Amino acid sequence: MKKGLLWVLLALCTLTGCQKAPEPVEATTFAMDTVMDFTLYGDWDRERAKEVRDWMLERLGWLDGKLSATKEGSDVGQINRAGGESVEVGTPTAELLSQSLELCEVTGGALDITAYPAVKAWGFTQEEHRVPAPDELEALAQSIDYSAVRLEGDTVTLPEGMELDLGAVAKGYAGDVLAETVRASDIPSALLDLGQSTIMAVGTKPGGAPWRIGVVDPAQPGSYFAVVELEDMAMGTSGGYQRYFEQDGETYWHILDPDTAAPARSGLASVTVVSPSAFLCDGLSTALFVMGLEEGAQLWRDHPELEFEAIFVTEKGEIYRTAGLEDRFSLAEGYEGREVVVLE
Ligand code: AMP
Ligand code: MG
Numbered sequence: 098m099k100k101g102l103l104w105v106l107l108a109l110c111t112l113t114g115c116q117k118a119p120e121p122v123e124a125t126t127f128a129m130d131t132v133m134d135f136t137l138y139g140d141w142d143r144e145r146a147k148e149v150r151d152w153m154l155e156r157l158g159w160l161d162g163k164l165s166a167t168k169e170g171s172d173v174g175q176i177n178r179a180g181g182e183s184v185e186v187g188t189p190t191a192e193l194l195s196q197s198l199e200l201c202e203v204t205g206g207a208l209d210i211t212a213y214p215a216v217k218a219w220g221f222t223q224e225e226h227r228v229p230a231p232d233e234l235e236a237l238a239q240s241i242d243y244s245a246v247r248l249e250g251d252t253v254t255l256p257e258g259m260e261l262d263l264g265a266v267a268k269g270y271a272g273d274v275l276a277e278t279v280r281a282s283d284i285p286s287a288l289l290d291l292g293q294s295t296i297m298a299v300g301t302k303p304g305g306a307p308w309r310i311g312v313v314d315p316a317q318p319g320s321y322f323a324v325v326e327l328e329d330m331a332m333g334t335s336g337g338y339q340r341y342f343e344q345d346g347e348t349y350w351h352i353l354d355p356d357t358a359a360p361a362r363s364g365l366a367s368v369t370v371v372s373p374s375a376f377l378c379d380g381l382s383t384a385l386f387v388m389g390l391e392e393g394a395q396l397w398r399d400h401p402e403l404e405f406e407a408i409f410v411t412e413k414g415e416i417y418r419t420a421g422l423e424d425r426f427s428l429a430e431g432y433e434g435r436e437v438v439v440l441e
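Residue numbers (the working numbering): 98 to 441.
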């Protein structure tokens, strides 16, 4: 350590009585096709916090095993291979399916959890990308229809030929489940980074200040163009920059328009949703990306009961945000001059 820095630290120690903040308890794991990072803060028994962390990891692994479309023996895999027969699933899967089907309905089918055959045809599941021919896309679009999913209690029936994909909502759902575990364990403060720009902030930062989370600039994914302050709140971003491939000078991304079975081209580069529910952040950010700015803003106006706010970035780089973000939103360093249009 440099001598000067040591003196500064010593001086700070004297001033503050040298109360060292307890070390956070951390975990990094790979689940739901992405890297996740959890950090638990507080002035509690570290051994207890480690138990909570281990329980969270176990719960996450279990959920991933049930909700993955690709994992052997998952609930979703069983539904997809049932050939039209009914399948009994675990209660969490049924709960997520029920919430998701409601969101498919509210978004007019912009979110559609039966897009899996199309997601596979573009090669996004195996990262072996290809561009399906127009007639193949037409047939795939015909096969996407969430309203054909039958859910009665814990029993799911899907017409033959259709397949589910909960990739647009599972990370968020897991965020809500894990946040419940954290809260029930009396841990006052935690940051759950569920990967692919889905974040759940439990409580405040240690010390009481809100968490300050950056929003990625879709034109320069290494930078943040804005900062959003969160306290017991989640945030999720969907954008074409997150997963894509290029072919013959054209960029194709992983968020598909259920009407065409092709990458959604609504004029948006990214959508960020802020809400107490991480599930809603995840599902709605995907749906609003498909809907585009006008329709997305209208959904926000029409559904105040959903309790969400949104930030839209267009492919031209214009920034729009909903009025309810007034106290939480600021432009990041280097972006101070950018115009932000407020949606009312
Ligand atoms: P997200 O990263 O949360 O925006 O979700 C995108 C993932 O959800 C994709 O990788 C697909 O697996 C799936 N997906 C793509 N388009 C849709 C859609 N319109 N509705 C539901 N799921 C989708
Ligand atoms: Mg999503």
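Cβ coordinates follow ideal geometry from the N, Cα and C atoms, glycine included. The structure displayed is predicted, hence computed values, not measured ones.
Classify residue i as buried or exposed, calling it buried when 16 or more other Cβ atoms lie within 10 Å of its own Cβ.
i: His400; result: exposed
i: Trp152; result: exposed
i: Lys147; result: exposed
i: Thr348; result: exposed
i: Asp424; result: exposed
i: Gln293; result: buried
i: Glu436; result: exposed
i: Gly139; result: buried
i: Ile310; result: buried
i: Ser183; result: exposed
i: Ala108; result: For Ala108, the pLDDT reaches just 43, beneath the cut-off of 50, and the residue's location in the model is therefore unreliable, although a value from the coordinates is still provided. Exposed, because fewer than 16 other Cβ atoms sit within 10 Å of the Cβ of Ala108.
i: Asp172; result: buried
i: Ala420; result: exposed
i: Ala306; result: exposed
i: Val299; result: buried
i: Val279; result: buried
Note down, in chain order, each residue of its chain lying with its Cβ closer than 7 Å to the Cβ of residue i, except the 5 sequence neighbours on either side.
i: Ser195; result: Leu248
i: Cys201; result: Leu208, Asp209, Ile210, Tyr243
i: Gly364; result: Gly389, Leu390, Thr411, Glu412
i: Leu403; result: Leu377
i: Glu185; result: Asp251, Thr252
i: Glu121; result: Note that residue 121 is Pro in the sequence shown here, rather than Glu. Taken in chain order, the residues that qualify are Thr136, Leu137, Tyr138.
Near residue i, which residues of its chain fall below 8 Å by C-beta distance, leaving aside the five closest residues on each side in sequence?
i: Pro231; result: none
i: Gly269; result: Leu291, Thr295, Ala331, Gly333, Ser374, Ala375, Phe376, Leu377, Cys378, Asp379, Gly380
i: Thr167; result: Gly174, Thr222
i: Asp245; result: Strictly speaking, residue 245 in this sequence is Ala, with Asp absent from that position. Result list for Ala245: Thr211, Leu255, Pro256, Met259, in chain order.
i: Val313; result: Ser294, Ser320, Tyr321, Phe322, Thr334, Gly336, Tyr338, Ser367
Quick one, are the C-beta atoms of residue i and residue j less than 8 Å apart?
i: Gln387; j: Ala407; result: Here the sequence assigns Val to residue 387, which means Gln is not the residue at that position. Not closer than 8 Å, so no.
i: Asp262; j: Pro355; result: no
i: Thr126; j: Leu160; result: no
i: Thr136; j: Glu123; result: yes
i: Tyr417; j: Phe409; result: yes
i: Gly336; j: Ala366; result: yes
i: Ser320; j: Lys302; result: no
i: Ala323; j: Leu428; result: yes
i: Leu234; j: Ala359; result: yes
Output needed for residue i: all residues of its chain with C-beta closer than 6 Å, excluding positions within five of it in sequence on either side, in chain order.
i: Pro214; result: Leu237, Ser240, Glu260
i: Tyr338; result: Pro315, Pro318
i: Gly174; result: none
i: Ser282; result: Val149
i: Ala128; result: Leu157, Asp161
i: Val370; result: Gly333, Cys378, Leu381, Ser382, Phe405, Ala407
i: Arg143; result: none
i: Met297; result: Gly272, Ala276, Leu289, Ala331, Ala375
i: Arg340; result: His351
i: Thr204; result: Ala384
i: Ile176; result: Val184, Val253, Leu255, Leu261
Take residue i as the anchor and find which of the options has the nearest alpha-carbon.
i: Val228; options: Tyr432, Gly311, Leu365, Thr357; result: Thr357
i: Pro189; options: Ala146, Val253, Asp130; result: Val253
i: Ala267; options: Leu428, Leu164, Arg143, Glu326; result: Leu164
i: Glu328; options: Ser197, Ser320, Trp308; result: Trp308
i: Val368; options: Gly346, Gly305, Ala359, Glu415; result: Glu415
i: Ser372; options: Val203, Gly180, Trp397; result: Trp397
i: Ile352; options: Val216, Glu199, Pro121; result: Val216
i: Leu422; options: Gly431, Glu433, Glu430, Leu440; result: Leu440
i: Glu343; options: Leu193, Trp219, Ser171; result: Trp219
i: Leu275; options: Tyr432, Asp134, Arg340; result: Asp134
i: Glu430; options: Arg340, Val325, Gly206; result: Val325
i: Gly206; options: Asp345, Glu433, Glu392; result: Glu392
i: Leu198; options: Trp141, Ala265, Tyr432; result: Ala265
i: Arg145; options: Gly181, Ile284, Asp345; result: Ile284
i: His226; options: Asp345, Gly434, Val438; result: Asp345
i: Gly187; options: Glu433, Tyr432, Pro119, Gly170; result: Gly170
Quick check: does the Cβ of residue i come within less than 7 Å of any heavy atom belonging to the ligand ATP?
i: Val439; result: Although the ligand ATP was asked about, the structure shown includes only the ligand AMP and the ligand MG as ligands.
**Report entry** Unbroken stretches of the alpha helix (DSSP H), 4 residues or longer, contained in the stretch 206 to 269
**Finding:** 213 to 218, 231 to 240
Report task. Jot down the residue ranges of each uninterrupted alpha helix (DSSP H) in the stretch 336 to 399, minimum 4 residues, whole runs only, in chain order. Result -> 375 to 388, 390 to 399
Query raised in the report: At which residue ranges does the stretch 113 to 154 contain complete beta strand (DSSP E) runs of 3 or more residues, listed in the order of the chain?
Result: 122 to 128, 131 to 138
Requested in this report: Identify every run of the beta strand (DSSP E) within the stretch 268 to 319, keeping only runs that are complete inside it and at least 3 residues long; order them along the chain.
Outcome: 286 to 290, 295 to 299, 308 to 314
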